[in-house]
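Student:
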Amino acid sequence: MNRFSDIDCSFKKLTPVYGFRSEKLVTIEKALEPIQSQIANLPYYIQIAKNHCHYPSEHGLTRDESASIYIYTMEWGEQSLYRLLNQALRNENRQLLKVWFPYLKLFDTALNKLPTVKEVVWRGITADIGKDFTKNQIITWWSISSCSLSVNVIKGFLGNKRNSTMFLIEALNGKKVSAYTEYESEDEIILRLGTEFRVKSNALDHPNGSYVVHLIETDQEHNQTSTLVSSINQMQLTTNQISSKAKLNKWKQDAITVAGGHGEGRRLDQLSGPLGIFIDKKKNIFIADFNNHRIVKWEYNAYEGQIIAGGKGEGDRMNQLRCPTDVVVNQKNHSIIIADYGNKRVIQWMNQNQQILIDNIDCYGLAIDKHGFLYVSDCEKNEVRRWKMGEYNNEGIIVAGANGYGNQLDYPTFIFVDEEQSVYVTEWFNHRVMKWRKDAKEGIVVAGGNGEGRKLDQLSSPKEVIVDDLGQIYVADGGNDRVMRWCEGKEKGEIVVGENRRRSTFFLSTIVNTFNGRRNQSNQLKRPTGLSFDDEGNLYVADYRNHRIEKFEIVL
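Residues 1 to 556 in UniProt numbering are what the sequence shown lists, from first letter to last.
Take a look at the structure:
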């Protein structure tokens with residue numbers, strides 16, 4: 001069980017809880033002192049929360065208030081604080097709650113300072129309880145309800161289990177806590193204890209036994225309900241996703257150059273052989289500028305970039321890089337993690353301070369999953385390993401590759417990790433993409449794998465791979481100057497952007513461009529490498545031999 005599936009299914013009518021509001025505001029240590037006997041090592045967890053919570057806070061939370069949210073989202077097993085608290089909130093014996101009043105006062109005070117959101121949010125449980133909800137039924141969730149703005153976060157927790165129930169909730173008084181939680185990427189919204197809902201319609205059921213239940217939070221102050229227009233669109237989108245009939249995205253074929261594009265060079269408006277790229281929530285682009293031995297950050301709509309790592313010439317000093325291949329941003333501490341390929345090390349840069357995380361590794365690709373684990377591909381040992389963030393004094397755990405038929409890789413480069421911790425790996429020499437499900441003993445081919453070539457069932461020296469919310473696989477087909485999309489289980493892919501060189505128009509346009517002194521048109525790529533989506537679904541491509549980053553806008 002996790003916070004997002006800790007749901008009361010009993011429909012019990014309980015006495016409202018409000019006595020905690022008259023409690024005195026105290027420190028988190030004092031607030032949790034009455035329940036210390038229920039949780040082993042509680043002072044240790046409190047200290048972790050105070051050390052890692054979001055503080056200073058732009059919303060004016062004290063460190064104790066911020067820590068009260070952080071510790072609620074921490075997971076340490078059956079004695080996790082949120083589990084015990086919610087069990088007490090659902091218990092008919094309200095006297096058991098009194099020991100929680102000081103903490104509830106602190107937690108509630110913290111939530112009061114955060115923005116209130118009116119959004120569609122999601123929860124889910126691995127049980128087929130959808131049939132128990134009927135149109136216009138009024139229900140109350142007496143415990144604290146953790147929800148997510150992202151349906152994919154909930155789907156990730158539910159996994160592929162049948163007979164599950166997802167809740168689409170029109171929230172009126174949600175509190176956006178994602179920046180204050182242990183896992184910021186989960187887009188968490190909290191609904192307070194005792195929130196009341198009306199069931200909008202009978203549950204939507206699907207052949208595999210799963211349900212979608214549509215709830216509307218009631219406005220208890222005005223005895224009204226809100227009908228958010230966006231929920232209708234979101235409901236339709238979810239229905240399409242669940243039934244696997246969602247419309248495939250398309251992108252404009254003429255790209256916009258958003259970084260570089262001024263020829264190969266070292267100036268701040270130039271790049272030289274860009275490889276891996278990372279797009280953050282502000283649409284800033286982080287680029288592994290391979291031949292310039294640096295990492296460049298290109299802010300949204302900026303004319304030139306800024307060097308944030310390396311740029312001191314090729315070398316192995318702590319402030320230098322040698323042929324970096326990939327870069328990711330740890331959203332938790334805003335550090336930059338770099339695959340310093342030429343120096344055989346994974347290095348972290350944070351506030352101009354450098355730290356070697358992993359040494360003596362032929363690193364090429366990097367990924368961070370939603371739980372904060374770091375994944376690194378080793379192109380010489382032909383494997384992918386995983387490390388727990390902050391714990392690098394070990395050899396890591398092999399999650400792809402190693403020995404045995406079906407497990408072998410041949411020069412793995414870029415990697416992607418999805419919500420279910422499945423690992424996707426591109427193989428340069430085998431011209432394919434492999435997928436390893438979590439804890440799988442061998443991988444499966446999900447793109448290419450039919451030898452090197454230009455056909456729609458082939459790849460040529462593939463580079464970066466990314467997977468969208470619907471599980472569709474996108475590959476930078478480097479040797480074919482195109483980006484391909486594969487739906488898992490399909491024998492052939494399709495060209496998303498870039499030119500297929502089998503078409504005579506490709507050669508004609510190339511000749512014309514050369515004659516006119518232009519190396520490429522906006523609908524052409526030369527050895528695409530890095531791929532990324534922004535939060536609007538626009539596709540970014542590192543155009544390696546054109547020394548630029550191209551943005552292909554999504555067609556709505």
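For every residue, glycine included, the Cβ atom is placed at its ideal position computed from N, Cα and C.
In this text the structure is predicted, and so the values were computed from the model without any measurement.
Near ALA40, what residues of its chain come up, given a Cβ to Cβ distance below 7 Å and the 5 sequence neighbours on each side ignored?
Tutor: Sequence index remark: in the sequence shown, residue 40 carries index 40 (1-based). Taken in chain order, the residues that qualify are GLN79.
Student: To which residues does DSSP link ILE415 through a beta bridge?
Tutor: Taking the sequence shown and counting its residues from 1, the one referred to as residue 415 is at position 415. Paired residue(s): VAL425.
Student: Does the ligand FMN have even one heavy atom less than 6 Å from the beta-carbon of PHE414?
Tutor: Of ligands this structure carries none, so the ligand FMN is not represented either.
Student: Fully enclosed by the stretch 321-360, which beta strand (DSSP E) runs are 3 residues long or longer?
Tutor: As far as the stretch 321-360 is concerned, its whole beta strand (DSSP E) runs of at least 3 residues are 326-330, 335-340, 345-350 and 353-359.
Student: Give the range of the alpha helix (DSSP H) segment to which PRO43 is assigned.
Tutor: On the sequence shown, position 43 is the one that residue 43 refers to. Note, PRO43: alpha helix (DSSP H), 42-52.
Student: Considering only the alpha carbon of each residue, which of ALA309, ASP269 and PHE157 lies closest to TRP349?
Tutor: Stepping through the sequence shown from its first residue, residue 349 is reached at position 349. Closest option to TRP349, Cα to Cα, is ALA309.
Student: Identify the continuous alpha helix (DSSP H) that holds PRO102 and give its terminal residues.
Tutor: Taking the first residue of the sequence shown as 1, we reach residue 102 at position 102. Looking at the DSSP string, the run of the alpha helix (DSSP H) that includes PRO102 is 101-112.
Student: Closest by CA to PRO274, which one among ILE368, ALA542 and PHE552?
Tutor: Within the sequence shown, numbered from 1, the residue matching residue 274 stands at position 274. The candidate whose alpha carbon is nearest that of PRO274 is ALA542.
Student: Contact defined as beta carbons within less than 8 Å: I believe GLU182 pairs with MET74. What is the distance between those atoms, to the nearest angstrom?
Tutor: For the purposes of this step, residue 182 is identified with residue 182 of the sequence shown, where counting begins at 1. For the purposes of this step, residue 74 is identified with residue 74 of the sequence shown, where counting begins at 1. Sure, about 6 Å apart at Cβ, within 8 Å.
Student: For the pair the stretch 85-94 and the stretch 7-24, tell me if three or more CB-CB distances fall below 8 Å.
Tutor: They touch, by the three-pair rule.
Student: If I follow the unbroken alpha helix (DSSP H) through residue 560, where does it start and stop?
Tutor: No answer is possible for residue 560: it lies beyond the span of the chain, which begins at 1 and ends at 556.
Student: Once you ignore the five residues that flank GLY313 on each side, which residues in its own chain have a CB closer than 8 Å to its CB?
Tutor: Counting from 1 along the sequence shown, the entry for residue 313 is found at position 313. Only HIS293 and GLN320 meet the Cβ criterion.
Student: Should LYS105 be labelled buried (16 or more other beta-carbon atoms within 10 Å of its own) or exposed?
Tutor: Taking the first residue of the sequence shown as 1, we reach residue 105 at position 105. Label assigned to LYS105: buried.
Student: Short check: CB of HIS52 to CB of SER66, under 7 Å?
Tutor: Sequence index remark: in the sequence shown, residue 52 carries index 52 (1-based). Sequence index remark: in the sequence shown, residue 66 carries index 66 (1-based). No, these two residues do not count as a Cβ contact at 7 Å.
Student: For a test of the three-state rule: what should DSSP assign to ILE144, helix, strand or coil?
Tutor: For the purposes of this step, residue 144 is taken as the residue at position 144 of the sequence shown. If DSSP states are grouped into helix, strand and coil, ILE144 belongs with coil.
Student: According to the neighbour-count rule (16 or more other Cβ atoms, all chains shown, within 10 Å of its Cβ), is HIS214 buried or exposed?
Tutor: Within the sequence shown, the letter at position 214 stands for residue 214. Burial call: buried.
Student: Bridge partners for residue 571 per DSSP, in chain order?
Tutor: The question about residue 571 has no answer here: the residues shown for the chain are numbered 1 through 556.
Student: Under a three-way DSSP split, which group does GLU33 fall into?
Tutor: Within the sequence shown, residue 33 is the residue found at index 33, counting from 1. It is helical.
Student: Checking 7 Å against the spacing of the C-beta atoms, do LEU459 and ASP477 come in under that value?
Tutor: Against the sequence shown, residue 459 aligns to sequence position 459. Against the sequence shown, residue 477 aligns to sequence position 477. Cβ distance < 7 Å, so LEU459 and ASP477 count as in contact.
Student: Name, in chain order, the residues that DSSP records as bridge partners for PRO274.
Tutor: Position 274 of the sequence shown holds residue 274. ASP289.
Student: Run through DSSP, which three-state label would TYR72 get?
Tutor: By 1-based counting over the sequence shown, the position of residue 72 is 72. Residue state, collapsed to three classes: helix.
Student: Can you tell which of GLY60, ILE28 and GLN38 has the C-alpha that lies nearest to the C-alpha of ILE48?
Tutor: Sequence index remark: in the sequence shown, residue 48 carries index 48 (1-based). Residue ILE28 is the option with its Cα nearest to ILE48.
Student: Using the Cα positions of TRP486 and ASP469, report the straight-line distance between them to the nearest angstrom.
Tutor: Numbered from its first residue, the sequence shown carries residue 486 at position 486. Numbered from its first residue, the sequence shown carries residue 469 at position 469. Approximately 13 Å, taken between the alpha carbons.
Student: Would you kindly report the start and end of the unbroken beta strand (DSSP E) that includes LEU191?
Tutor: Locating residue 191 in the sequence shown gives position 191, counting from the first residue. Counting along the chain, the beta strand (DSSP E) containing LEU191 begins and ends at 188-191.
Student: If you follow the alpha helix (DSSP H) that ILE154 is part of, which residue opens it and which one closes it?
Tutor: Residue mapping note: residue 154 aligns to position 154 of the sequence shown, counting from 1. Run containing ILE154: 151-158, per the alpha helix (DSSP H) assignment.
Student: Taking the straight line between their C-alpha atoms, what separation do you get for ASP128 and LEU114?
Tutor: Here residue 128 refers to the residue found at position 128 when the sequence shown is read from its first residue. Here residue 114 refers to the residue found at position 114 when the sequence shown is read from its first residue. Spanning the two alpha carbons is a distance of roughly 34 Å.
Student: Per DSSP, what kind of secondary structure is GLU184 in: helix, strand or coil?
Tutor: Position 184 of the sequence shown holds residue 184. Of the three classes helix, strand and coil, the one that applies to GLU184 here is helix, per DSSP.
Student: Using DSSP with H/G/I as helix, E/B as strand and the rest coil, what is SER230?
Tutor: On the sequence shown, residue 230 is found 230 positions in, with the first residue counted as 1. Its pLDDT being 43, under 50, SER230 is placed unreliably in this model, and the coordinates cannot settle the point.
Student: Please report the Cβ distance between LEU193 and VAL17, rounded to the nearest whole angstrom; I am assuming they are in contact, meaning their Cβ atoms lie under 8 Å.
Tutor: For this step, residue 193 is matched to residue 193 along the sequence shown. For this step, residue 17 is matched to residue 17 along the sequence shown. So it is a contact: roughly 6 Å between Cβ atoms.
Student: Distance, Cα to Cα, THR140 vs PRO43?
Tutor: Mapped onto the sequence shown, residue 140 falls at position 140. Mapped onto the sequence shown, residue 43 falls at position 43. When rounded, the distance between both Cα atoms is 33 Å.
Student: Helix, strand or coil for ALA476, going by three-state DSSP, please let me know.
Tutor: Numbered from 1 along the sequence shown, position 476 holds the residue referred to as residue 476. Three-state result, ALA476: strand.
Student: Measuring CB to CB, does MET166 end up less than 7 Å from VAL212?
Tutor: Counting from 1 along the sequence shown, the entry for residue 166 is found at position 166. Counting from 1 along the sequence shown, the entry for residue 212 is found at position 212. For MET166 and VAL212, yes; Cβs fall inside 7 Å.
Student: Just curious, the beta strand (DSSP E) that CYS363 is in, first and last residue?
Tutor: Taking the sequence shown and counting its residues from 1, the one referred to as residue 363 is at position 363. Its beta strand (DSSP E) spans residues 363-368.
Student: Starting from MET434 and walking both ways along the beta strand (DSSP E), at which residues does that stretch end?
Tutor: In the sequence shown, counting from the first residue as 1, residue 434 sits at position 434. Taken as a continuous stretch (DSSP letters only), the beta strand (DSSP E) holding MET434 covers 432-436.
Student: Would DSSP call ALA400 helix, strand or coil?
Tutor: Numbered from its first residue, the sequence shown carries residue 400 at position 400. ALA400 falls in the strand class under three-state DSSP.
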